[in-house]
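Working notes, structure below.
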Amino acid sequence: MTAQQATLQAADRQALFVVQSIHDVAKSVDRRRDQYRHSSDEDERRILRNHIMGDLERLSNLVTLLESIPEHELHPSTFRSLQDCLGHLRGRVSAIGANMTLDKIRELRSQAEFSAGRREHPVGKSFLLKESFLRYVNQLRSLVSGLTPENAEDLMTSAISINNLIENDLQRAPLDSFFNDPPLTPIDLGQLTFPPLADDLPHNALF
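So for the sequence shown, the working numbering puts the first residue at -5; every next one is plus one.
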């Protein structure tokens, strides 16, 4: 066996393992979503919602891992399986992924607007909000095939609210990260474009 063949086999095994893991977690999302729909207990629904969000974060991480495997290291049939898996996944969880992730982004927007409205500038708040926002944007990119016009506008509005807080902080004093990160800058709105989807999708895919 040549070194190239060994690399191909190793990459194929890794890709197929990740594909199976994606299928397993997607099944967990489906199961918990069904439990959520049929539950009338608010505490149970809250717990299930948190579990579903955790599953979506795991799916996002697995998709990122899968997409990091270079195509040239995969057998063509493995690469086709990878592409089929991603297409199926995004068709399966796109609505719930968009709705639940955007719910988290709206929470960040509310925090930014609350702090800006009260002229509060908690140390590290801007860093935290921007970091969390970008993490959720990456999660959207992993899980959805696009955004409806309403959701795209919601995403942009949230980014602008967080940027307003960042601008307020930057006007007060230079902010330096405690961890020697690059200086805080506003979110680049030009990086928030997603393929457009029809605007008649269900507003809350949990129900």
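The C-beta atom is built at its ideal place from N, Cα and C for all residues, glycine as well.
- DSSP lists P190 as the bridge partner or partners of L141.
- The Cβ atoms of T95 and L122 lie no closer than 8 Å to each other.
- Look at H82 here: in three-state DSSP terms it is helix.
- The three-state secondary structure of T179, taken from DSSP, is coil.
- D35: not part of any alpha helix (DSSP H); DSSP gives it neither H nor E.
- In the three-state scheme derived from DSSP, where H, G and I count as helix and E and B as strand, H69 is classed as coil.
- With respect to the C-alpha of T72, the residue from R39, A4, G48 and L102 having the closest C-alpha is A4.
- A Cβ-Cβ separation of about 7 Å places L60 in contact with V13 under the 8 Å criterion.
- Per DSSP, reduced to three states, the secondary structure at I16 is helical.
- Segment contact: the segment 153 to 163 against the segment 95 to 107, three or more CB-CB distances shorter than 8 Å; contact assigned.
- Taking a contact as a CB-CB distance under 8 Å, the pair R84 and L137 counts as one, their CB atoms being some 7 Å apart.
- Between A9 and I63, the C-beta gap is smaller than 8 Å, which places the two residues in contact.
- The three-state reading of DSSP puts S62 in coil, since its state is none of H, G, I, E or B.
- Approximately 14 Å separates the beta-carbon atoms of F188 and S152; this is outside 8 Å, ruling out the contact.
- Shortest Cα-Cα distance from R26 to any of A89, L42, R100 and P70 involves L42.
- In the three-state DSSP reduction, G48 falls in the helix class (H, G or I).
- Cβ atoms of I181 and L149 stay farther apart than 8 Å, at about 10 Å.
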